[in-house]
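Sequential numbering from 1 applies to the sequence shown in the UniProt record's numbering. C-beta: ideal position from N, C-alpha, C; glycine also. Heads up, the thing below is written out as structure tokens.
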Amino acid sequence: MTNNENCCEDEFTFPKWLNEAFFQNVLQNVESEVAEITNLELKPGTLKNDNYASVLFRSKVTYRLQSQPTQEKVSSFILKVEPFMEGNKKELMQNYSLFDTEITMYTKVLPIIEKVLRQYGDNTILGPKLIACSTTAPSYVIFEDLALKGYTTIGYRHPNLEEMKFTLLKLAKLHAISYKLCKEEKDNIITTLNKGSMNSTDPNTFPFVKYSIGFLKEILSERDDLKQYVPHIASVEHLLCKRSIDMFNEAGSGKRDGIFVLNHGDFHLKNIMIQKNEDKLTDVKLLDYQISIFGSPAIDLHYAFTMMFSPEMRRDHYDELLYFYITNFQDTLRKTEYKGHIPTHIEIRQELAKHRYWGLFLLLCFLLFNYTFVDENKDIADVVENAEILRKELEDPKLLDELREQLPKFLYNGYFEL
């Protein structure tokens, strides 16, 4: 294969253990008899900026079965492997239980949630089919190749409004069924998922978390129309990370006086694939359940605002999309005959207000990535790891223009109140 600058750099280094013997074992999960591999192709699994926390490969395996020795078969798989090359990525991600969480999600949690949906005639599928997995270092998960079913990644763009609603519909169902199960069953595996992006390790080990707000205050101070927001940011910045971590620890602490659901945890625009039939959207698959966590729905909803929505959606469609999510969350509970209290629109909005510091933290530290994701000339790894590049990217005129829109809204809605 030839090198491709649009792919992730570490996906051109194939581990020696990804060999024919390895895939011989994988095929045992696909075929009912022994397979003889005749050809194995490995390629990078994602485009640049599609993924950071893991290394993805696409494999094409050509093989013959003993019962059909003259007929060749082909299977294609997506492999997600823990970072194995020495460097910043491996060091930064080592404290996360990414593969333990994802394997639990795919082998235990998602099947339970989908089973409840099936009982009420809902055939929603919440993720790709898991083929094989291992938590023994190096950990890996292997999925069906959704490209064979006509799914494509979103590419270097934001979802459109139809795609966004399809995606939020699945999120609403995931949230609703987990809410129902945890209310109806005292001992539920969902509640054991208590480590997410903010409470698995010190977030300040990431340079973009450590430096973003300080850099942003400097940049805003240099612009006459934006410097008025610097004192407001300065008054609350010491609370943003701490309160966000408190929110992530909330469910595990036993203090459950709010609404609690299973959050996807990394609900951004690169973690979906879309399927179309003659330009008509037929499905959206949610990907990457590596930092799923039981907690307030504000975890996913604030994150979607910052990391999934387009600038236009944040400006013109936020209330519409939130209403769409809440309505489908409520409808799913009604359709599955949940007998308890169904959270109201006001109560869910109160969750978002209660956890406003998480929303503000995301705006100041994460909004940048919403722009990085859709620019093939930028590298998310550089922005995550390199403070100098981070500082430069925070001066992106498009980002600053959106902050001109969003900072007044956050101010007027009380996000800076102590």
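For this session: Give me the Cα-Cα distance between glutamate 31 and asparagine 19, rounded to the nearest whole angstrom.
Result: When rounded, the distance between both Cα atoms is 18 Å.
For this session: For glutamate 5, name the three-state secondary structure that DSSP assigns.
Result: Low local confidence applies: a pLDDT of 46 at glutamate 5 is under 50, so the model's placement there is unreliable, with the coordinate-based value given in what follows. Judged by DSSP in its simplified three-state form, glutamate 5 adopts coil rather than helix or strand.
Exercise. Quick one: what's lysine 173 bridged to in DSSP?
Worked result: In the DSSP assignment, no residue is bridged to lysine 173.
For this session: Measure the Cβ-Cβ separation of leucine 65 and alanine 35 and say whether it is below 8 Å.
Result: Closer than 8 Å, so yes.
For this session: Report yes if the CB atom of alanine 132 is closer than 8 Å to the CB atom of asparagine 29, and no otherwise.
Result: Contact flag set, yes.
For this session: Return the chain-ordered list of same chain residues with a C-beta closer than 7 Å to the C-beta of aspartate 145, the five sequence neighbours on each side being excluded.
Result: Within the same chain, Arg58, Ser76, Phe77, Ile78 come within 7 Å of aspartate 145 by CB-CB distance, once the 5 residues on both sides are set aside.
Exercise. How many whole angstroms separate the CB atoms of tyrosine 151 and lysine 285, which I take to be in contact at a CB cut-off of 8 Å?
Worked result: 6 Å between Cβ atoms; contact.
Problem set entry | Extent of the continuous beta strand (DSSP E) run through tyrosine 140 | First-last of the beta strand (DSSP E) with tyrosine 140: 140-144.
Problem set entry | Extent of the continuous alpha helix (DSSP H) run through leucine 418 | Per DSSP, leucine 418 belongs to no alpha helix (DSSP H) and is neither H nor E.
For this session: Can you have a look at asparagine 328 and say buried or exposed, based on whether 16 or more other CB atoms are within 10 angstroms of its CB?
Result: Burial state of asparagine 328 is buried, judged by a 10 Å Cβ sphere holding 16 or more other Cβ atoms.
For this session: Ignoring anything shorter than 4 residues or poking outside the segment 293-332, list the alpha helix (DSSP H) runs there in chain order.
Result: Those alpha helix (DSSP H) runs which fall completely within the segment 293-332 and span 4+ residues are 298-307, 311-316.
Exercise. Looking at leucine 216 and arginine 404, is the spacing between their C-beta atoms short of 8 Å?
Worked result: Not in contact: arginine 404 and leucine 216 (Cβ atoms no closer than 8 Å).
Exercise. Can you check whether the CB of serine 292 is closer than 8 Å to the CB of glycine 254?
Worked result: Their beta carbons are not under 8 Å apart, which means glycine 254 does not touch serine 292 by this criterion.
For this session: Can you say whether glycine 45 is buried or exposed, counting buried as having 16 or more other CB atoms within 10 angstroms of its CB?
Result: Classification of glycine 45: buried, given that the 10 Å Cβ count is 16 or more.
For this session: Could you have a look at methionine 273 and say whether DSSP puts it in helix, strand or coil?
Result: In the displayed model, methionine 273 falls within a strand according to three-state DSSP.
Exercise. How would you label valine 109, buried or exposed, when you count the other beta carbons within 10 angstroms and need 16 or more for buried?
Worked result: Buried: at least 16 other Cβ atoms inside 10 Å.
Exercise. Between tyrosine 357 and lysine 409, what straight-line distance do the alpha-carbon atoms span, to the nearest angstrom?
Worked result: Cα-Cα distance, rounded: 14 Å.
For this session: Output the residue ranges of the beta strand (DSSP E) runs that lie fully inside the segment 205-266 and measure 3 residues or longer, sorted by chain position.
Result: Those beta strand (DSSP E) runs which fall completely within the segment 205-266 and span 3+ residues are 261-263.
Problem set entry | Limits of the alpha helix (DSSP H) - the one that isoleucine 342 falls within | Here isoleucine 342 belongs to no alpha helix (DSSP H), and DSSP marks it neither H nor E.
Problem set entry | Three-way DSSP call (helix, strand, coil) for alanine 137 in this model | Of the three classes helix, strand and coil, the one that applies to alanine 137 here is coil, per DSSP.
Exercise. What are the uninterrupted segments assigned as alpha helix (DSSP H) that are 4 or more residues long and contained completely in the segment 15-76, given in chain order?
Worked result: The segment 15-76 contains these whole alpha helix (DSSP H) runs: 20-27.
Exercise. If you run the structure through DSSP and keep just helix, strand and coil, what is aspartate 382?
Worked result: Secondary structure of aspartate 382 (DSSP, three-state): helix.
Exercise. Comparing alpha-carbon positions, which option in Phe324, Phe208, Val374 lies nearest glutamate 388?
Worked result: When only C-alpha atoms are compared, the closest one is Phe208.
Exercise. Taking contact to mean at least 3 C-beta pairs separated by less than 8 Å, is the segment 159-175 in contact with the segment 121-129?
Worked result: At 8 Å Cβ cutoff, the stretches touch.
Exercise. Can you name the residues that DSSP bridges to isoleucine 78?
Worked result: Under the DSSP definition of a beta bridge, isoleucine 78 partners with Arg58, Phe143.
Problem set entry | Whether residue 419 touches lysine 335 by CB criterion (8 Å) | The requested residue 419 is not part of the displayed model; the chain covers only 1 to 418.
Exercise. Can you name the residues that DSSP bridges to aspartate 283?
Worked result: Beta-bridge partners of aspartate 283 (DSSP): Gln275.
For this session: State the CB to CB distance for the pair serine 212 and leucine 394, rounded to an integer number of angstroms; the pair is presumed to be in contact (CB under 8 Å).
Result: With a Cβ gap of about 7 Å, serine 212 and leucine 394 count as contacting.
Exercise. Would you call the CB atoms of methionine 105 and tyrosine 289 closer than 8 Å?
Worked result: With respect to tyrosine 289, methionine 105 sits close: the two C-beta atoms are nearer than 8 Å.
Exercise. Given leucine 40, which residues of its chain have a CB within under 8 Å of its CB, disregarding the five upstream and five downstream residues?
Worked result: Excluding residues within five positions, the ones whose Cβ falls inside 8 Å are Asn19, Glu20, Phe23, Ser59, Lys60, Val61, Thr62.
Exercise. Quick one, are the C-beta atoms of histidine 341 and leucine 269 less than 8 Å apart?
Worked result: Cβ atoms of histidine 341 and leucine 269: not closer than 8 Å.
Exercise. Using a Cβ-Cβ cut-off of 6 Å (strictly less than) and excluding sequence neighbours within five positions of arginine 391, which residues of its own chain qualify?
Worked result: The answer, listed in chain order, is Phe215.
Problem set entry | alanine 251 versus glutamine 68: straight-line alpha-carbon distance, rounded | Between alanine 251 and glutamine 68, the C-alpha separation is close to 54 Å.
Exercise. Between glutamate 72 and the rest of its own chain, which residues show a CB-CB distance below 8 Å, the 5 nearest in sequence each way excluded?
Worked result: When the five nearest sequence neighbours on each side are left out, the beta carbons in the same chain lying within less than 8 Å of the beta carbon of glutamate 72 are those of Thr38, Thr62, Tyr63, Arg64, in order along the chain.
Exercise. So is serine 235 buried or exposed if we call it buried at 16+ other beta carbons inside 10 Å?
Worked result: Label assigned to serine 235: exposed.
For this session: Reducing DSSP to helix, strand and coil, say where tyrosine 151 ends up.
Result: Correct three-state label for tyrosine 151: strand.
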